[in-house]
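Numbering (UniProt numbering), first residue to last: 1 to 156.
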């Protein structure tokens, strides 16, 4: 099993959007049995809440289910459980590396690290910008490239 965790600041906008979109993409390719997919936030302010209204609206428009996705804060055990921890921005990566310390962990990086032909590194937070469509497009490109990478690395 390939364990993938998407992380943003509060786990209500970007990371639940990425989780829902990646689940759908993996399902569409018939690869669900190979993956465990989740999302978490650096902070626990929204713990137990559903995704942000803007995220839900966009996912509804795209026909992507977010059923069962609720905000949670990242836990120390996530660092060693997940093979790929994909953060939405550099601040998230810094916080994750602080949590990880020097212990054993797998890949911790930005989702857009897998998009080499784009000069953007971070997925902007639509909680502040309101631009959920831009975020969706960046995440879509990121998960497409990430899935291509993972399929190659794992002979899927």
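Note that CB positions come from ideal geometry on N, CA and C, so glycine has one too.
Contact the stretch 39-56 vs the stretch 113-124: 3+ CB pairs below 8 angstroms: no
7 angstroms CB neighbourhood of residue 20 in its chain, flanking five on each side removed: Looking up residue 20 in the chain shown gives position 20. Excluding residues within five positions, the ones whose Cβ falls inside 7 angstroms are 59, 64, 65, 66 and 69.
message: Applying the 10 Å Cβ sphere with the 16-neighbour rule, what's the burial state of residue 15?
response: For this step, residue 15 is matched to residue 15 along the chain shown. Result: buried.
query: Pick from 62, 107 and 26: whose alpha carbon is nearest that of residue 136?
result: As a working note, residue 136 is residue 136 in the chain shown. Closest by alpha carbon: 62.
Rounded C-alpha distance that separates residue 141 from residue 113: Start at 1 with the first residue of the chain shown, and residue 141 comes out as number 141. Start at 1 with the first residue of the chain shown, and residue 113 comes out as number 113. Straight-line Cα distance between these residues: approximately 11 angstroms.
- request: Count the CB pairs spanning the stretch 3-11 and the stretch 79-91 that are closer than 8 angstroms, and state whether there are at least three.
  value: yes
query: Does DSSP classify residue 3 as helix, strand or coil?
result: Mapped onto the chain shown, residue 3 falls at position 3. Of the three classes helix, strand and coil, the one that applies to residue 3 here is strand, per DSSP.
- request: Could you tell me whether the Cβ atoms of residue 71 and residue 12 are closer together than 8 angstroms?
  value: Within the chain shown, the letter at position 71 stands for residue 71. Within the chain shown, the letter at position 12 stands for residue 12. Contact flag set, yes.
field: As assigned by DSSP and simplified to three states, the class of residue 97
entry: The residue you call residue 97 lines up with position 97 of the chain shown. Correct three-state label for residue 97: helix.
field: Exposure label - residue 17; buried when at least 16 CB within 10 Å
entry: In the chain shown, the residue the question calls residue 17 occupies position 17. With 16 or more Cβ atoms within 10 Å of its Cβ, residue 17 is classed as buried.
Complete beta strand (DSSP E) runs within the stretch 25-83 (minimum length 3 residues, chain order): 35-41
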